[in-house]
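Okay, so the sequence shown: first residue is 1 according to my numbering, each after it adds one. Glycine residues also receive a C-beta, built at the ideal position from the N, C-alpha and C atoms. For clarity, every value in this text was computed on a predicted model and none was experimentally measured.
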Amino acid sequence: SAYVATMASTIFAQSLFGQALYDIGTLGGDYSYASGINNFGQVVGYSTTADGSGNHAFLYAGGVMSDLGTLGVANSWAYGINDQGQVVGQYTTSTGDAHGFVTGAGGQGASDVSYGSAGSISLVAINANGQYAGWADQTAITSGPNASSPLTKITTNSTIINNLVKTNASFADNRESKTIKPVDVSV
1 SAYVATMAST
11 IFAQSLFGQA
21 LYDIGTLGGD
31 YSYASGINNF
41 GQVVGYSTTA
51 DGSGNHAFLY
61 AGGVMSDLGT
71 LGVANSWAYG
81 INDQGQVVGQ
91 YTTSTGDAHG
101 FVTGAGGQGA
111 SDVSYGSAGS
121 ISLVAINANG
131 QYAGWADQTA
141 ITSGPNASSP
151 LTKITTNSTI
161 INNLVKTNAS
171 FADNRESKTI
181 KPVDVSV
């Protein structure tokens, strides 16, 4: 396993079994941020570009940072990746709304993901079955495996975590899945 840390304006990836930090660079711009990593060390996030055209989602794999594009508009951000290399995130539409996106394996072929009349959508996690989760207008949402069912509203915070852990054996890492109960934090 590995984790990603952002330090100053440079991304570093470090193996939990080693001590080395690696500068994975940018897409030519001033900064980049990492937000997800899979079991193969593929990293996703976003970076500014050399031409200053905004933030672009990226996939870093095999020592190469690839621009995932913006779905034809100004900005995109990648937040999650599974072991098949499917990437989820969000992009800004021509009307200024945020829409979610999901790619095929290896970050190829980004598709728009919408949810009813929601103006803002962001996808932040995807598991081994292609089930993704995120939010729409400040409401937690999830899909069925391989987006086989429409996005649905999540009723408790525990649902999103339990669904993703139960269907992603590589994430669960052979540990027993536990039910997470919401905690009342009111004062």
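query, result
"What's the call for GLY80, buried or exposed, on a 16-neighbour Cβ count within 10 Å?", "buried"
"Give the secondary structure of GLY106 by DSSP, where H, G and I count as helix, E and B as strand, and everything else as coil.", "helix"
"Would you say ALA110 faces chain D, with C-beta separation under 9 Å as the test?", "In the displayed structure, chain D is absent; only one protein chain is listed."
"Suppose the cutoff is 6 Å on Cβ atoms and the five residues either side in sequence are ignored; what does the same chain contact list for GLN84 look like?", "ALA105"
"Between which two residues does the beta strand (DSSP E) holding ILE24 run?", "Careful: ILE24 lies outside any beta strand (DSSP E) and carries neither H nor E."
"Which full runs of the beta strand (DSSP E) of 3+ residues lie inside the segment 32 to 112, going along the chain?", "43 to 49, 55 to 61, 64 to 69, 76 to 81, 87 to 92 and 98 to 102"
"Let me check understanding here. Comparing Cα to Cα, which of GLY107, GLN108 and PHE101 lies closest to THR134?", "The question names Thr, but residue 134 is Gly in the sequence shown. When each option's Cα is compared against that of GLY134, the closest is PHE101."
"If we count the other Cβ atoms within 10 Å of its Cβ and call it buried at 16 or more, is GLY119 buried or exposed?", "exposed"
"Does the Cβ-Cβ distance between SER53 and SER32 come in under 9 Å?", "no"
"Among GLN86, GLN108, GLY69 and GLY109, whose alpha-carbon lies nearest the alpha-carbon of THR92?", "GLY69"
"Which value, in whole angstroms, describes the spacing of the CA atoms of PHE58 and ILE37?", "12 Å"
"So, helix, strand or coil for GLY144, using DSSP?", "coil"
"Mind checking which residues open and close the beta strand (DSSP E) that includes SER122?", "121 to 126"
"Less than 9 Å separating the beta-carbons of ALA136 and ILE121?", "yes"
"Given GLN42, which residues of its chain have a CB within under 7 Å of its CB, disregarding the five upstream and five downstream residues?", "LEU59, TYR60, ALA61, ILE81 and GLY85"
"Between which residues of its own chain and ILE126 is the CB-CB distance below 6 Å, once the five residues before and five after are set aside?", "GLY80, ASN82, GLN86, VAL88 and TYR132"
"Helix, strand or coil for GLY29 per DSSP?", "strand"
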